[in-house]
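Engineer: Residues 1 to 79 in UniProt numbering are what the sequence shown lists, from first letter to last.
Note that the Cβ used here is the ideal one computed from N, Cα and C, for glycine as well.
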Amino acid sequence: MTEDTDAPERREHLSNDDIVSRILGFTLFCMGLSRAPADQVARGRGWLDEMGQPTPDGKALIEALMSRDSAYGVYKLVY
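1. Taking only the alpha-carbon atoms, compute the straight-line gap between D17 and K59 and give it to the nearest angstrom.
2. Assign S21 to one of three DSSP states: helix, strand, or coil.
3. Rounded to the nearest angstrom, what separates A64 and D49 at their Cα positions?
4. Can you name the residues that DSSP bridges to P54?
5. Given a threshold of 16 other Cβ atoms within 10 Å of its Cβ, counted over all protein chains shown, does residue 85 qualify as buried or as exposed?
6. Sort L61, G32, A36 by Cα distance to S21 and report the nearest one.
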């Protein structure tokens, strides 16, 4: 029997600061050579609100990226 590491009770609990950090990291990865500020791009994508806090979409993005089953699909969706 294999262990399901993607089960909700097994997932790492992230603070809002951790989620924001991961959103900005993913945004920088997606931006390539763009010179726009990452937080501005993340807000434009709807991942951060005007206060710089993660939106439900931003939280869902990080949740999906943390899941082995959907991470590849997230990268394809964003591009």
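Structural biologist: According to the structure shown:
1. Looking at the two C-alpha atoms, the distance is approximately 11 Å.
2. It is helical.
3. For A64 and D49, the distance between alpha carbons rounds to 19 Å.
4. Partner(s): L48.
5. Since the first residue of the chain shown is 1 and the last is 79, residue 85 is not available in this structure.
6. In terms of Cα proximity to S21, the closest of L61, G32, A36 is L61.
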